[in-house]
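Protein chains in written order, with this note's numbering: chain D, 1 to 339; chain Y, 1001 to 1339; chain B, 2001 to 2339; chain L, 3001 to 3339. Even glycine gets a Cβ: it sits at the ideal position worked out from N, Cα and C.
Number of protein chains: 4
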Amino acid sequence: MFFASDNGAPIPAKIMEAMTAANQGYAISYGNDPATARLQDQIRQVFEAPMAEVLFLTVGTAANALALSLLTPPWGTVFCHQHAHIAEDECGAPEFYTGGARLSLVNGASGKIDPAALGDAIAATGHSVHNFQRGCLSVTNVTEAGTVYSVAEIEALAAIARGANLPVHLDGARLANALAATGASPADMTWRAGVDVLSLGGTKNGLLAAEAVVLFDAEKSAELGLRRKRGGHLNSKLRYVAAQFSAWFDEDYWLTLATQANAMAARLAKGLEAVPGARINHPTEANIVFAQLPLAAHQRAQQAGAQYYGHDTAGNCRLVCSWSTTEADVDGLLSAFRG
Amino acid sequence: MFFASDNGAPIPAKIMEAMTAANQGYAISYGNDPATARLQDQIRQVFEAPMAEVLFLTVGTAANALALSLLTPPWGTVFCHQHAHIAEDECGAPEFYTGGARLSLVNGASGKIDPAALGDAIAATGHSVHNFQRGCLSVTNVTEAGTVYSVAEIEALAAIARGANLPVHLDGARLANALAATGASPADMTWRAGVDVLSLGGTKNGLLAAEAVVLFDAEKSAELGLRRKRGGHLNSKLRYVAAQFSAWFDEDYWLTLATQANAMAARLAKGLEAVPGARINHPTEANIVFAQLPLAAHQRAQQAGAQYYGHDTAGNCRLVCSWSTTEADVDGLLSAFRG
Amino acid sequence: MFFASDNGAPIPAKIMEAMTAANQGYAISYGNDPATARLQDQIRQVFEAPMAEVLFLTVGTAANALALSLLTPPWGTVFCHQHAHIAEDECGAPEFYTGGARLSLVNGASGKIDPAALGDAIAATGHSVHNFQRGCLSVTNVTEAGTVYSVAEIEALAAIARGANLPVHLDGARLANALAATGASPADMTWRAGVDVLSLGGTKNGLLAAEAVVLFDAEKSAELGLRRKRGGHLNSKLRYVAAQFSAWFDEDYWLTLATQANAMAARLAKGLEAVPGARINHPTEANIVFAQLPLAAHQRAQQAGAQYYGHDTAGNCRLVCSWSTTEADVDGLLSAFRG
Amino acid sequence: MFFASDNGAPIPAKIMEAMTAANQGYAISYGNDPATARLQDQIRQVFEAPMAEVLFLTVGTAANALALSLLTPPWGTVFCHQHAHIAEDECGAPEFYTGGARLSLVNGASGKIDPAALGDAIAATGHSVHNFQRGCLSVTNVTEAGTVYSVAEIEALAAIARGANLPVHLDGARLANALAATGASPADMTWRAGVDVLSLGGTKNGLLAAEAVVLFDAEKSAELGLRRKRGGHLNSKLRYVAAQFSAWFDEDYWLTLATQANAMAARLAKGLEAVPGARINHPTEANIVFAQLPLAAHQRAQQAGAQYYGHDTAGNCRLVCSWSTTEADVDGLLSAFRG
């Protein structure tokens, strides 16, 4: 009963096998191997974006920070949700990689940027030499509150950004879960909705350590290559990252994994309705449940061996499902909660 | 016949199996898992350094740059060999992580810092507010020229640094090869010789992606933890890095791997003596051979399918052996060279 | 009728004369001249702080950013008022000099940090490696809203910071005006109230270009010296800065100048009571009046040649008095406003 | 007998008077005053560059660092002389402002970059993602060795840079002295010779504190404006900088001042020929004499009250003349040297 994070789950056998299969003979390092080239093409097809450039690394925080460094100068403002991962969970990596850009925190219920608030924040940003300048918009899907933007919602935010001439970043650490939740195509959720640069995360959805920055406009790919190396994020043995990602995209396995995680969260949310005193804090739209439970329920769950974060004095907690969460896990947790 | 780099080799079966074995059930992420804690202790034992703190990541360039950022302020000078990896192959990662420190390039034959030149360089560094200040010393073992510092040589350089109150960094991307070559103990080659911070590389010696920063003085470990996260180098699933490293240290497997790579380089260097027109450019002391060969010899080798870098117009080249290089590989290359 | 800014005023004759008097013969540059040394002592006496170290420069934004760079690491948070000068008017200089620290914006009426909000903001800052760490507190007196903290109010904020182990910066771009307004001594308003580092501004109160960073704890003065040089803020001919500051402190001339500016603002605020439709937006406690006036009143003032900023569509404006503002200027403006 | 530095001299009366004359009434701050606008036009005329944009500040180190930050990315290399001011006397300001660019130090006799060495250095810079990339060329005229590049020499270096697609910076901290020495026009020495950005120094040639960055291609002027503010180098009362510079350019007063300084250095160098044991270390082409003298000669000069830097154990010293150096000063120093 592990609900602490989706990155605490094991790696699916299919992914481990793909890495083992890739472990044959020699391969040129630093991404100049044929498997990495094939993966590039595979991702272009998945995203229906033949001109995209994709660079690989292994940590999502780095993918976000590098992406932002392409879209805003050191004196630019990154508009993002006040609880975005880049704002709360990256120890200033965006500031580090951009050379000191500032996050402009925008409100919005359940992790989603409120369009009107975004418009206001942009409008409030000055233009004189004394002010931070407007930099870019960063949207996260799935949000940190476990909610999911529809394609139309992303389009609406991107249109506001475009209206102010700002490029758009999508933090897709859980993009697979968002796609599984909405049924949207990767292209519709990203570049067709106005996204310029995507941080594409595999690690939270079954991969060992595999992330990518997808540039739908390839113009800055050389700069990104230098920034990645300079940041120490050019792994030498990228064939194993390629192996992970390729197996993940094959036959939509990424969506299969995400669908399972989402389904388990839905089952959990549904089950919580029957737990006395339980309350859902945000709509459960992907693989994360935010709930408030009586302290006694938490105590019982922990005694039963359940692991999860965020149980504060008011009983609020975060319960994350992964590809490997089973119905038995969920039902066991619910049973412990119910007592 | 792959001699392009030691990071182009496959992963030993023992390492892959260790990762597969680690892939059971759930584990708390970000290094808070029991396997990472056990590995910490294992490394303390290997280095006879019970107070050391070890932080893990997956790229050697990052390990170096983070280590340097602990040892020099933005206005400090890093004394290093003019052909050090940090000087020539990291696209400015040291400058990026230190916030703008400067490398002071010191001469020395075959990749080794000349002690007198180091003393001169330190002495030439000013003390006034107009000057860059003295920061730290960075030594690399195995050097970029494939030579190996003895323990006494490292001690001598470290003593010069100490005399000027400078801390000492050791870039140990190929430390295993240096230990295998000299028979020195890990402790003697590092902290007992005056090294404060070690970049310990596993990736060039058989691991998929596993590097560490070893702080022999633990005082700055909290700062390093923040810098690692801020740089985007805190991998979530560190249990797999722990699995790699633990299997590598078990029964001195790291030295077994390095010994094989070194032996193959020695065999290659020896064999080159019998190649007409061949010349060894640097003493072959670890797993890399620098040689000059007739252009026709290169042509024959390439036609035979050999892969390696650095064949310039004068016929100079770099030939790297790895744990997986076989006698047949070496003999095949020599045969092609001989024609 | 110039009310645009206090830095638009001319330099008092006494200051110009001091500079001319200093313009005799040669002087060692970069602050190693006797006049700069004497000024150091003079400031120590003025602030009753014999151990203080003072470094001089010419721009207040640089003084603030350099001060903050001493008090917070790149991964630290600067707690400040949401409308602080460092937040709104310095184009990211704090981020640049700190290497990417983040401002945590705290609310509070009329430019003053609300103590409870400060406590909440500090408490909300996480401690894990994923979070920005707590850095320092920055308070501004006179505030950007023209209000003045009492000594007790600064003490209260500093005590909250101390309770969380945070050092305290005071942006004293208009410290003279705050002292003149409250009658507090320089020592009481600064180090006795818990301030560690002071940005002391002369330029907004009559000097040509003279600012200082006062370190009440001298420990970091060498670092500040290097940071100042590295930032390009070590002026060579500091004897002229010393001349300005010395004449300014002589016989409390700085307070004389500030008292005049404050008095003119008080006269203006008082006079606005008699302007139909006028409203004071913030208490007028120093030399700046924030007021709302009918658009027709603004039109008349501008036709009469008055200069000032911030006349928005609702008629809000900022009216700044300086040492050279006269009663006639004030009465002329009021007359124009009244129509 | 002050020969320590040209920035230890007093300010010419004409410059002080210009500042006093500018001290009338109010002026909009931050360079939006009419005097600054007029000065912009004056400089465009002086340099025959109607499209140039000029930004003002008060410290030469900042002018250099800001200029370089426009011409090279953080991962770029600045090619400069090994003893350039940016390399030896700015405590890493170029690294700070560029965000971590690297200086590539090029040899050359008496402070001048050797064209062949420059070509070699550029050619040796790699192109792969592992290497620092080529950034820009920075030339200094007058050099740190007191020598002067002819227009043809600057053209030759700039042509080499152009051939590698690198922009060119000229550190003109003593440009007036170089112009006075060569008789070249400002345009010929700068943009017509291939210079893109000029750091124009006034402070070493009579001004209190006045420097400029001249962009011959105005494209990056908005970025420079933001970088200047962000660096804390936007002085509020720029009308006084404008007053200094305008009086300096009026009737070629800058060249008058520089001519006097150069003439005194020539007189000093000539006189040293008659000092027993004296040796000139670099050709005396502007206002600085580098000489070696017997230690006894130094002793006598110091006893006679002479002030200058750089008297090392071998008797080498630097003797700087300024606009205010008189024949009597020079002759007095020579007399003391002769004993």
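**OP:** Under the assumption that B:Glu2273 contacts D:Arg102 (Cβ atoms under 8 Å), give the Cβ distance between them as a whole number of angstroms.
**Re:** 40 Å between Cβ atoms; not a contact.
Subject >> Per-residue burial, B:Thr2313 [other beta carbons within 10 Å of its own, 16 or more giving buried] >> reply: Counting other Cβ atoms within 10 Å of its Cβ, B:Thr2313 stays below 16 and is therefore classed as exposed.
**OP:** Using a threshold of 8 Å, state whether the C-beta atoms of D:Gly225 and D:Leu57 are closer than that.
**Re:** no
Original post:
By the criterion of Cβ-Cβ separation under 9 Å, what are the contact partners of B:Gly2225 in chain Y?
Top reply: Chain Y residues near B:Gly2225: Val1129.
Original post:
Is the Cβ-Cβ distance between B:Ala2178 and B:Ala2022 less than 8 Å?
Top reply: no
**OP:** Name the one or two DSSP bridge partners that B:Thr2140 has.
**Re:** B:Asp2171
Subject >> Y:Ser1185 - containing alpha helix (DSSP H), residue span >> reply: Segment: none, Y:Ser1185 is in no alpha helix (DSSP H) and carries neither H nor E.
Original post:
Thinking C-beta only, is B:Val2289 closer than 8 Å to B:Ala2269?
Top reply: yes
Original post:
How about L:Phe3096: is its C-beta nearer than 8 Å to some C-beta of chain B?
Top reply: Chain B has a Cβ within less than 8 Å of the Cβ of L:Phe3096.
Subject >> chain L within 8 Å of B:Gly2010, Cβ atoms only >> reply: This sequence places Pro at residue 2010 of chain B; Gly is not what is there. Chain L, which has a Cβ nearer than 8 Å to the Cβ of B:Pro2010, makes this yes.
**OP:** Thinking Y:Asp1329 and Y:Asn1205 are a contact (beta carbons under 8 Å), I'd like their distance in whole angstroms, please.
**Re:** With 8 Å as the limit, Y:Asp1329 and Y:Asn1205 do not qualify as a contact, their Cβ atoms being about 17 Å apart.
**OP:** Determine the contact status of Y:Ala1258 and Y:Val1148, defining contact as a CB-CB distance below 8 Å.
**Re:** no
**OP:** Identify whether B:Tyr2309 lies in helix, strand or coil by the three-state DSSP scheme.
**Re:** strand
Original post:
For B:Leu2324, does the count of other Cβ atoms within 10 angstroms reach 16, so buried, or fall short, so exposed?
Top reply: Contrary to the premise, residue 2324 of chain B reads as Ser rather than Leu in this sequence. Taking all protein chains shown into account, B:Ser2324 has 16 or more neighbouring C-beta atoms within 10 Å of its C-beta and is therefore buried.
Original post:
Which one of B:Glu2219, B:Ala2123 and B:Trp2191 has the shortest CA to CA distance from B:Val2139?
Top reply: B:Trp2191
**OP:** Please confirm if Y:Phe1002 has its CB atom under 8 Å from at least one CB of chain D.
**Re:** At least one beta carbon of chain D lies nearer than 8 Å to the beta carbon of Y:Phe1002.
Subject >> Opposing strand residues paired with Y:Glu1211 [DSSP bridges] >> reply: Y:Leu1057 and Y:Gly1201
**OP:** Would you decide whether D:His127 is buried or exposed? Buried here means 16 or more other CB atoms lie within 10 Å of its CB.
**Re:** Exposed: under 16 other Cβ atoms inside 10 Å.
Subject >> Proximal chain B residues relative to Y:Leu1234, where beta-carbon distance stays under 9 Å >> reply: Val2129 and His2130
Subject >> Near the ligand ADP: D:Leu166 beta-carbon under 7 Å from a heavy atom >> reply: This structure lacks the ligand ADP; in fact it carries no ligand of any kind.
Subject >> First through last residue of the alpha helix (DSSP H) which encompasses L:Ala3013 >> reply: Ala3013 to Ala3022
Subject >> Rounded straight-line distance, which links the Cα of D:Gly111 to that of B:Tyr2253 >> reply: 55 Å
Original post:
How about D:Gly231 and D:Tyr97: are their beta carbons less than 8 Å apart?
Top reply: yes
Subject >> Whole-Å CB distance - Y:Leu1200 paired with Y:Gly1172, under 8 Å assumed >> reply: 5 Å
**OP:** Give me the Cα-Cα distance between B:Phe2002 and D:Glu211, rounded to the nearest whole angstrom.
**Re:** 58 Å
Original post:
So, is the C-beta of L:Gly3092 closer than 8 Å to a C-beta in chain B?
Top reply: Yes, L:Gly3092 lies at the interface with chain B (some Cβ there is under 8 Å from its Cβ).
Original post:
Around the C-beta of B:Arg2174, are 16 or more other C-beta atoms found within 10 angstroms, so that it is buried, or is it exposed?
Top reply: buried
Original post:
Taking only beta-carbon atoms, is D:Arg102 less than 8 Å away from chain B?
Top reply: Chain B contact via Cβ: present.
**OP:** Could you work out which residue in L:Gln3133, L:Gly3146 and L:His3130 is closest to L:Asn3262 when comparing CA atoms only?
**Re:** Of the listed residues, the one whose Cα sits closest to L:Asn3262 is L:Gly3146.
Subject >> Close-in-space but distant-in-sequence residues of the same chain around L:Leu3341 (CB under 7 Å, 5 per side omitted) >> reply: In this structure chain L extends from 3001 to 3339, so residue 3341 of chain L is not present and cannot be described.
**OP:** Output, in chain order, the set of chain D residues within a Cβ distance shorter than 8 Å of B:Asp2188.
**Re:** Result: empty, since nearest Cβ-Cβ is about 32 Å, beyond 8 Å.
**OP:** Please state whether DSSP places Y:Ala1291 in a helix, a strand or coil.
**Re:** strand
Original post:
What do you get for B:Met2345, buried or exposed, if any count of 16 or more other CB atoms within 10 angstroms of its CB means buried?
Top reply: With chain B represented from 2001 up to 2339, any question about residue 2345 of chain B goes unanswered, as that position is not in the structure.
Original post:
Along chain Y, which residues have their Cβ under 9 Å away from the Cβ of L:Glu3144?
Top reply: Near L:Glu3144 there are no residues of chain Y at all, since even the closest Cβ is about 12 Å away, more than 9 Å.
Subject >> Coarse secondary structure for D:His233, derived from DSSP in three states >> reply: Three-state DSSP puts D:His233 in coil, outside helix and strand.
Original post:
Residue ranges of each beta strand (DSSP E) run of no fewer than 3 residues wholly in the region 3091-3129 of chain L, ordered along the chain?
Top reply: If we require 3 residues or more, the beta strand (DSSP E) runs fully inside the region 3091-3129 of chain L come out as 3102-3106.
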